[in-house]
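In what follows, a single structure is set out as structure tokens and then discussed.
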């Protein structure tokens, strides 16, 4: 599944456009590297998302077939690390 769409389906961003902007600005990484929004994400991949106030590193356990709720996303991802940031540290409005 496309990375920008996956971020939306997992409720990690509000819109697919936010996911696209995050990838294009380098605030979303896949397996340690910067990627285009169209990059294919697969189970086992590591995704790093830099929000304005925190960085989240997670492992994709399974790719959802469509939109899921925030409550159900624990079945699809495993949070490896979540690090708070100062609001002035950068990031994009995800």
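In the working numbering, the protein residues as written are 1 to 94.
C-beta atoms are modelled at their ideal positions from N, C-alpha and C, and glycine is treated no differently.
For residue 30, the enclosing beta strand (DSSP E) stretches over residues 28-30.
Taking the Cβ atoms as the reference, residue 48 lies roughly 4 Å from residue 29, within the contact range of under 8 Å. Non-local beta-carbon contacts of residue 73 in its own chain, meaning distances under 7 Å to residues more than five positions away in sequence, involve 10 and 11 in chain order.
The segment 75-82 makes no contact with the segment 20-27: fewer than 3 CB pairs, one atom from each, lie closer than 8 Å.
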